[in-house]
Amino acid sequence: MKGEYCKLYKSCSICGRIKYHTRFVSNGRDKSRRKSYCHECKYFKRNVSKDIFNIERLAEESNVKVRVKTKSKRIRFYGVSYEAAVEMVKGGLAGVVNGSLIHQFNIKEIVLQRDRYVCKYCGGRGNTIDHIIPRSKGGKTSLDNCVCACMKCNNEKADLKLEEFLNRKL
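Numbering-wise, the numbering used here puts 130 at position 127 of the sequence shown, and it's gapless, one number per residue.
Below is the structure:
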């Protein structure tokens, strides 16, 4: 049930994605009353910015810093070119924090929620993401190129293109 009065799923007030209620920032002791923005968007809330996908906010510098939250809850930084940063923001993989900093979202979580944890190849329960065009053959990690897959199908496909994999499977 996903609606206006649903207590399990909420819509983030910043990024607009529908997520499970535990993915939202808690209010301290009272975890039943959670804030209106998700954990990923709390970095944007600090800067009071709801326009996180506006590319015009990026300064045209040679390098833009990217902030990533790792599995171990640590925050890492790396630099990318302005063009790569614009591509990440346009693709929905990152949001603009300020003129020289963007925050990269967890693409695995976004793809798995989008596909509802259903493998696109066999219809079973999927828990990994697979690149339709493999990275080894020039594919990029983007929302258009990634789908949910189960471990078995992901290992069978390996670095094959989609057509090769489907021909081999039939």
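No residue lacks a Cβ here, since even glycine has one placed at the ideal position from N, Cα and C.
- Message: For D133 and I105, what's the separation of their Cα atoms in angstroms?
- Response: Going from the Cα of D133 to the Cα of I105 covers about 25 angstroms.
- K160: first and last residue of the uninterrupted alpha helix (DSSP H) it sits in: 154-160
- Which same chain residues, not among the five before or five after Y40, have their C-beta less than 6 angstroms away from its C-beta? Same-chain partners within the cutoff: C15, S16, I17, K48.
- Query: Of the choices C125, N158, K72, whose alpha-carbon is the least far from that of F108?
  - Reply: Looking at the Cα atoms, K72 is the closest of the given residues.
- Query: Quick one: what does DSSP say M91 is sitting in, helix, strand or coil?
  - Reply: In this structure, M91 counts as helix in the three-state DSSP scheme.
- Thinking just about the alpha-carbon of each residue, which of E86, G95, D162 is nearest to the one in G2? With the chain covering 4 to 173 only, the question about residue 2 has no answer from this structure.
- Task: Could you check the C-alpha separation between C122 and K22 for me, to the nearest Å?
- Result: 20 angstroms
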